[in-house]
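In the numbering used here, the protein residues as written are 452 to 1006.
Below is the structure:
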């Protein structure tokens, strides 16, 4: 009878083909060899991402042999499969878009389990608590865009899987992320990831905190920095005021905040190029928190909270805290269909409207939208320790730009300081090519359309996309003098406004109920498109206030 290991590695594939057999003799042969350098390393695992087919195949064989050797070494002091290796195999088995790697990782985990090794399993069945996995990966894992992501980054994470619903956007997003985090720039790589950790912690986003903590350590960062902000260099800690303002109330940023960081007497002093790099990293991380929370992303299989070593119990399927409450499905369908028809009619009416608003009417309608009360009452519990120890002044949160009856800050007129006329050139001058990358993202998400809406085809959705973008900027106190804000109230019903405001202003309060209560008859891909618009509009708003302050300092 074949051994458990050999049996596990010669199992049937779903299509009936035989998986590659790894004979028992192969395991025995390596048991007598040197036991050094046989545990899979980050370097050997990274070779699985080679663009060369032969090198990738060789790396897969080396990984297999290393794992089998570890499984066969039962003498005292011998090597064992580390938790890190097991979790890496788990992630490959679930999300690698290369079929041969995905299947081999699955076989190796099965072999380990048959040898008595405690093997981890993912706690979630897909990337999102809000969106069924089969709707996210309708075209399968082996999409070209996902393969490219794996070969470039060494992983296909949940963010990438969900964004793959919109390949044109994902392409420029990955290009921007690579340029921002990996390319040579004013800041060292481990500092870049640590700044992203600081930014993600503001929104209690343990997903991004863990992701960037891994990047920080892989780039050579000191692990002690992750135990608390007080362990980080003074220069990094000096970003905390700017970080909290950009995350929660960017309209309060002034040239004095910039001066405190870059003027000749500042200690420690940031160069303008370094500061711009840090600003873009923080803004990108803050907005990405909105996407993570807004799509209900599960932890990665190798994240804390994403795996367990406990066997599953077939009699008990735990209910996710993100799961929507049960409601009358038939009534939802009726209400959702009516919602779509009403929205379609309003969009057509707005497109046919010929009368123009006066400037006074535009300002009045803008102020009405800005001051409308959209309460978000849900309060989450305290964030986990890995997040809490990286947040300074956790009580500093978003507050409405213009609370009713209170003196509001001065509105930013888009005509006075815009991305196109001011921000783009400043970023490109101090951080070459980054302005172009950001502009491409803004353009793609604003213009992206599939000419459909829910069950309707051939639809011009421009007015709806424009209303979403301008509503978010309105929440941040940015006014366009050539836009009729009455359109926002016509096109964005209250449940959509609640979702948008929650996601843009305090994303950590997003729940499944808030997500499922708007656009009930729309595809999940359309809701993800809305999430992308919110994410990018929020990013641009925070950048505009910060870049304006830098511009004022430079004058």
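Cβ atoms here follow ideal geometry from the backbone N, Cα and C, with glycine treated the same way. As the structure is a computational prediction, the values presented were derived from the model and not from experiment.
Between residue 999 and residue 868, the CB-CB gap stays under 7 Å. Going by DSSP, residue 968 is part of no alpha helix (DSSP H) at all; its letter is neither H nor E. For the set 656, 925 and 710, the Cα lying nearest the Cα of residue 985 is the one of 925. Counting only unbroken stretches of 4 or more residues, no alpha helix (DSSP H) element lies wholly within the segment 731-768.
Judged by DSSP secondary structure, residue 916 falls within the alpha helix (DSSP H) whose first and last residues are 913-926. Three or more Cβ pairs drawn from the segment 952-964 and the segment 724-741 lie within less than 8 Å of each other, which places the two stretches in contact. Comparing C-alpha distances from residue 864 to each of 702, 741, 894 and 846 shows the shortest one belongs to 702. Cβ-Cβ distances below 6 Å link residue 637 to 724, 725 and 728 in the same chain, with the five nearest sequence neighbours on each side left out; the list follows chain order. If you draw a straight line from the Cα of residue 872 to the Cα of residue 818, it comes to about 25 Å. By alpha-carbon distance to residue 503, the top candidate from 550, 602 and 840 is 602. In the structure shown, residue 955 adopts helical secondary structure according to DSSP, grouped into three states. The continuous alpha helix (DSSP H) containing residue 663 extends over residues 657-669.
Annotation: the continuous alpha helix (DSSP H) that includes residue 642 extends over 640-653. Residue 752 counts as buried, since no fewer than 16 other beta carbons sit within 10 angstroms of its beta carbon.
The DSSP-derived three-state label of residue 869 is coil.
The straight-line gap separating the alpha-carbon atoms of residue 879 and residue 628 is approximately 16 Å. Linking residue 905 to residue 791 through their CA atoms gives a straight-line distance of about 7 Å. Residue pairing by DSSP places residue 929 opposite 863 in a beta bridge. Pairing residue 534 with residue 883, the inter-Cα distance amounts to about 41 Å. Taking residue 811 as reference, the option from 934, 683 and 746 with the minimal CA-CA separation is 934. DSSP places residue 899 outside any alpha helix (DSSP H), giving it a letter other than H or E.
For residue 845, there is no enclosing alpha helix (DSSP H), since its DSSP letter is neither H nor E. In this structure, the straight-line span from the alpha carbon of residue 846 to that of residue 509 is close to 52 Å.
From the listed residues 518, 521, 918 and 552, the smallest Cα separation to residue 501 is found for 552. Residue state for residue 517 is assigned as helix, using DSSP reduced to three classes. Judged by their CB atoms, residue 548 and residue 592 are nearer to each other than the 7 Å cut-off.
DSSP places residue 708 in the helix class (H, G or I) of the three-state scheme.
For the pair residue 732 and residue 651, the CB atoms are not nearer than the 7 Å cut-off. Taken through DSSP and simplified to helix, strand or coil, residue 908 comes out as strand.
The closest CA to that of residue 667, considering only 680, 643, 684 and 689, is found on 643. Put simply, of 696, 903 and 974 the residue whose alpha carbon is nearest the alpha carbon of residue 843 is 696. In terms of Cβ geometry, residue 1003 and residue 710 do not form a close pair [threshold 7 Å]. The beta-bridge partner set that DSSP reports for residue 579 consists of 748. Within 10 angstroms of the beta-carbon of residue 927 lie 16 or more other beta-carbons, which makes it buried. Positions of the alpha helix (DSSP H) runs, each at least 4 residues long and wholly inside the segment 587-644, are given as 595-604, 609-614 and 618-632 in order along the chain. Look at residue 963 here: in three-state DSSP terms it is helix.
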